Amino acid sequence: MGSRCYSIIGAILVGILMFHGFVHAEKAPNYTFVGEATSAPAIAYYDYIIIGGGTSGCPLAATLSQNARVLVLERGGSPYGNPNITNIENFSDTLSDPSPTSPTQQFTSEDGVYNARARVLGGGTALNAGFYSHASTRYVKEAGWDETLVNKSYEWVEKLVVFKPPKVEYQVAVRDSLLEAGVLPYNGFTYDHLNGTKIGGTIFDKKGHRHTAADLLEYADPRKITVYLHATVYKIFFRYNNGTERPQAYGVVFKDASGVFHKAYLKNSNSMNEIILSAGAIGSPQLLMLSGIGPSDHLQAHGIKVVLDQPLVGQGMADNPMNILTIPSPIPVEVSLVQTVGITGFGNYIEAISGLSLSFLLSSSENKKLLTYLKMQIDQPFTVPTKAMAEAAEIINAIAKESFKGGVIVEKVTGPLYTGYLELRNTNPNDNPAVTFNYFKEPEDLMRCVLGMRTIIEVVNAYPFSKFRYSNMTVQALIDMMVSLQLNKRPRHPSAVFSLEQFCIDTVMTIWHYHGGCQVGKVVDNDYKVLGVDALRVIDGSTFLHSPGTNPQATVMMLGRYMGEKILHERCSHGRK
């Protein structure tokens, strides 16, 4: 078959989608190929088995189904019909849901920082703040990607799930304040990664409804794809062909919600058939280890038979640090997630959200502590008219009802330079492994955080932002408030209230952009094939050396499409021989 063997089918599918109005559809798609794993046969055979129906797994599966039989195994449920996922106002509720069936699986790193991983079809795109922005051209070049195919892959994603955000006053104030603070130039609305201040895309439509990577399955050929939900993979099977010592992946075992095990195998009819890990930066290195690929001493300590001694599995784990200021507002604030971003010249990204509950940042006890603190601060003598005092009283009443009126301005450090590692706690794939990120172990990352906090302070002090801040609440009071809250499990130091270095270290949080564990050049090659193993790839954020751009979801979705196209091209080329 020629190289056109999949592109023609793909073009026809896209045309059908657009003709029937499915592009940017607001209703949940009726996927006939998605079902519970309890309906799976005991044994089945496929051309490709994708472990993880997340941010990269969905576009990858949709693309591969154009010319191959594909199975997707997703350990979570469907994002459709869940208002906490769908509606922008409920963003906080999903991230703070600790229940065992939640789309969010919470964990705390060994550094004492609260974190979360996705457990739902669509992955992190079903949980995140929705901001959509490309990786920089430099990042693309350093990754060795084909720039033309990268751009086409981004566009493929954007046709279905990306929107221009509505104009929100709070985001406009942040934009103008960033410009006043010197984060120049203003680049307008763009997906491109450019130094300065810009408005980026969003996966929330004009009605505030979320669109996820699961929507990209609309591109799939429904005759050639099967997606099982609540399908937890326990192990990848390996064998040795022709008497060689090189292992080859050939199947998986997974468990459904009823506790029944099923097996799926690659068809023997084509040597190009593969198993592809797309389980994310926590799940992919974890499952490699559980399957016998990892540091031999560590695997043997857990009673795991070693298939390949690979000490770099689980290494290079990095979580971009986030530090924040929470700013209560004397006037009502519209709900907005990230729209405006300031891309500084010294390696920081400044973003903001507004009008939401802070439950995704704070526990219930810490939330009450925050409310008490705010009331004390706002109750200080006002030098403004009685009307403003009355308005402030209304805000306090709203806060007491856990309806926070205000916003959060955050900074993300690029990179980062520091890295850590992941280790198994046990052999249960449902349990979180132990992850150490080593926040701020590199002085340059700490310096960038300090510069970022100084930029946030300039934004808060800028005139365009003044109407969203109580005039009697100083920046020092805001810093004191952050230090007083238990944002993480790390030690607190008295110096954190006047030293921005200590503030960064003590109040660090995650922005959920962690990556690494199966890095390119260390665990996988430039085609994302696992080194030393046949018929196995890893295609997700675990392969990244650094976080791409301001927010990684655009690039992770792009990578799924990009690699799907490359794999199908290889398959077609092989078929011509």
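Throughout, this note's numbering is defined as the position within the sequence shown, counted from one, plus 61. Idealized CB from N, CA, C, for every residue including glycine. Please read all numbers here as calculations on a predicted model, not as lab measurements.
Residues bridged to V314 (per DSSP) | As a first step, residue 314 is located in the sequence shown; it is residue number 253 there, counting from the start. In the DSSP output, where bridge partners are listed per residue, V314 has K296 and K324.
Report buried or exposed for E376, applying the criterion of at least 16 other Cβ atoms within 10 angstroms of its Cβ.
-> By 1-based counting over the sequence shown, the position of residue 376 is 315. Reading off the sequence, residue 376 comes out as Gln, not Glu. Answer is buried; the Cβ neighbour count reaches 16.
Near T405, which residues of its chain fall below 8 Å by C-beta distance, leaving aside the five closest residues on each side in sequence?
-> As a working mapping, residue 405 is identified with position 344 in the sequence shown. So the qualifying residues of the chain are V244, N256, I411, L512, G513 and T516.
Residue environment, A103, which counts as buried when at least 16 other CB atoms sit within 10 Å = As a working note, residue 103 is residue 42 in the sequence shown. So A103 ends up on the exposed side.
Leaving out five residues on either side along the sequence, give the residues of the same chain with a beta carbon under 8 Å from the beta carbon of Y215.
-> To locate residue 215, count along the sequence shown from 1; it is residue 154. Here the set comprises H195, Y252, A615 and M619.
Which residues in the same chain have their Cβ closer than 6 Å to the Cβ of F83, if we skip the five residues on either side of it in sequence?
-> Within the sequence shown, numbered from 1, the residue matching residue 83 stands at position 22. For F83, the predicted structure reports a pLDDT of 39, less than 50, and the residue's modelled location is therefore unreliable. The matter cannot be settled from this model.
Buried or exposed: Y301, going by 16 or more other Cβ atoms within 10 Å of its Cβ?
-> In the sequence shown, the residue the question calls residue 301 occupies position 240. With fewer than 16 other Cβ atoms within 10 Å, it is exposed.
Measure how close the beta-carbons of P161 and Q347 come, nearest whole angstrom, since I'm counting them as under 8 Å.
-> On the sequence shown, residue 161 is found 100 positions in, with the first residue counted as 1. On the sequence shown, residue 347 is found 286 positions in, with the first residue counted as 1. Actually they are not in contact, since the Cβ atoms of P161 and Q347 sit about 18 Å apart, beyond 8 Å.
Counting pairs of Cβ atoms below 8 Å between the stretch 599 to 617 and the stretch 336 to 350, do you hit three or more?
-> yes
Grouping DSSP H, G and I as helix and E and B as strand, with all else coil, what is Y575?
-> The sequence position of residue 575 within the sequence shown is 514, counting from 1. Looking at Y575 - three-state DSSP - the assignment turns out to be coil, as it is neither helix nor strand.
Would you check if the distance between the CB atom of Y175 and the CB atom of N499 is smaller than 7 Å?
-> What you label residue 175 is simply residue 114 of the sequence shown in a count that begins at 1. What you label residue 499 is simply residue 438 of the sequence shown in a count that begins at 1. Not a contact, by the Cβ cut-off of 7 Å.
Going by the beta-carbon positions, is the gap between E395 and G416 smaller than 7 Å?
-> The residue you call residue 395 lines up with position 334 of the sequence shown. The residue you call residue 416 lines up with position 355 of the sequence shown. It is a contact, given that the beta carbons lie within the stated cut-off.
Is R486 closer than 7 Å to K285 when the C-beta atoms are compared?
-> Position 224 of the sequence shown, counted from the start, is the residue given in the question as residue 285. Position 425 of the sequence shown, counted from the start, is the residue given in the question as residue 486. Contact: no.
So, is E208 buried or exposed, given that buried needs 16 or more other C-beta atoms within 10 angstroms?
-> Looking up residue 208 in the sequence shown gives position 147. With fewer than 16 other Cβ atoms within 10 Å, it is exposed.
Three-way DSSP call (helix, strand, coil) for Q547 in this model | Position 486 of the sequence shown, counting from 1, holds the residue named residue 547. Reduced to three states, the DSSP call for Q547 is coil.
Have a look at N533 and G468 and give me their C-alpha separation to the nearest angstrom.
-> Counting from 1 along the sequence shown, the entry for residue 533 is found at position 472. Counting from 1 along the sequence shown, the entry for residue 468 is found at position 407. Answer to the nearest angstrom: the Cα atoms are 17 Å apart.
Assign H272 to buried or exposed, taking buried as 16 or more other Cβ atoms, counted over all protein chains shown, within 10 Å of its Cβ.
-> To locate residue 272, count along the sequence shown from 1; it is residue 211. The residue in question, H272, is buried, as its Cβ has 16 or more Cβ neighbours within 10 Å.
Should E203 be labelled buried (16 or more other beta-carbon atoms within 10 Å of its own) or exposed?
-> Taking the sequence shown and counting its residues from 1, the one referred to as residue 203 is at position 142. Under this definition E203 is an exposed residue.
Quickly, what does DSSP pair T165 with across the bridge? List them, please.
-> Reading the sequence shown from its first residue, position 104 is the one you call residue 165. Per DSSP, A179.
On the premise that L125 lies in contact with Y107, defined as a C-beta separation below 8 Å, what is that separation, rounded to the nearest angstrom?
-> Within the sequence shown, residue 107 is the residue found at index 46, counting from 1. Within the sequence shown, residue 125 is the residue found at index 64, counting from 1. The Cβ separation is near 10 Å, so there is no contact.
Buried/exposed call for D588, threshold 16 Cβ in 10 Å | On the sequence shown, residue 588 is found 527 positions in, with the first residue counted as 1. With fewer than 16 Cβ atoms within 10 Å of its Cβ, D588 is classed as exposed.
Neighbourhood of E452 by C-beta distance below 6 Å, restricted to the same chain and skipping five residues each side | The residue labelled residue 452 in the question sits at position 391 within the sequence shown. Any reading at E452 is ruled out, since the residue's pLDDT is 41, under 50, leaving its predicted position unreliable.
Kindly identify the DSSP beta-bridge partner or partners of R598.
-> In the sequence shown, residue 598 corresponds to position 537, counting from 1. Answer by DSSP bridge pairing, in chain order: I337 and K590.
Residue interval of the beta strand (DSSP E) (run including T405) = Along the sequence shown, one-based indexing puts residue 405 at 344. That residue, T405, is in no beta strand (DSSP E); it is neither H nor E in DSSP.
In terms of DSSP beta bridges, what is Q376 paired with?
-> Mapped onto the sequence shown, residue 376 falls at position 315. According to DSSP, Q376 bridges with Y482.
Which residue from L290, P308 and K328 puts its Cα closest to that of D317?
-> Residue numbering aside, residue 317 sits at position 256 when the sequence shown is read from its first letter. Per the Cα distances, L290.
Which full runs of the beta strand (DSSP E) of 3+ residues lie inside the stretch 89 to 132, going along the chain?
-> 95 to 97, 104 to 107 and 109 to 112
C-alpha distance - D380 paired with T93, whole-angstrom precision = The residue given as residue 380 occupies position 319 in the sequence shown. The residue given as residue 93 occupies position 32 in the sequence shown. Using only the alpha carbons, I get a separation of about 37 Å.
Three or more C-beta pairs below 8 Å linking the stretch 553 to 561 and the stretch 361 to 372 | no
Exposed unless 16 or more other CB atoms sit within 10 angstroms - verdict on H323 | As a first step, residue 323 is located in the sequence shown; it is residue number 262 there, counting from the start. Classification for H323: buried.
Does L386 get closer than 7 Å to chain B when you measure Cβ to Cβ?
-> Protein chain content of the structure displayed is limited to a single chain, and chain B is not contained in it.
For the candidate residues L369, R199, V222 and G341, whose alpha-carbon lies nearest to that of A177?
-> Here residue 177 corresponds to residue number 116 of the sequence shown, with the count starting at 1. Nearest C-alpha to A177: G341.
Look at G191 and F265 and say whether their C-beta atoms are less than 7 Å apart.
-> As a position in the sequence shown, residue 191 is number 130, starting the count at 1. As a position in the sequence shown, residue 265 is number 204, starting the count at 1. Result yes, Cβ atoms of G191 and F265 sit closer than 7 Å.
How many angstroms separate the CA atom of D158 from the CA atom of F168?
-> In the sequence shown, counting from the first residue as 1, residue 158 sits at position 97. In the sequence shown, counting from the first residue as 1, residue 168 sits at position 107. Those two C-alpha atoms are separated by around 12 Å.
In terms of residue numbering, what span does the beta strand (DSSP E) encompassing V288 cover?
-> Residue mapping note: residue 288 aligns to position 227 of the sequence shown, counting from 1. Unbroken beta strand (DSSP E) run through V288: I286 to L290.
For E472, does the three-state DSSP call read helix, strand or coil?
-> Locating residue 472 in the sequence shown gives position 411, where the first residue counts as 1. Looking at E472 - three-state DSSP - the assignment turns out to be strand.
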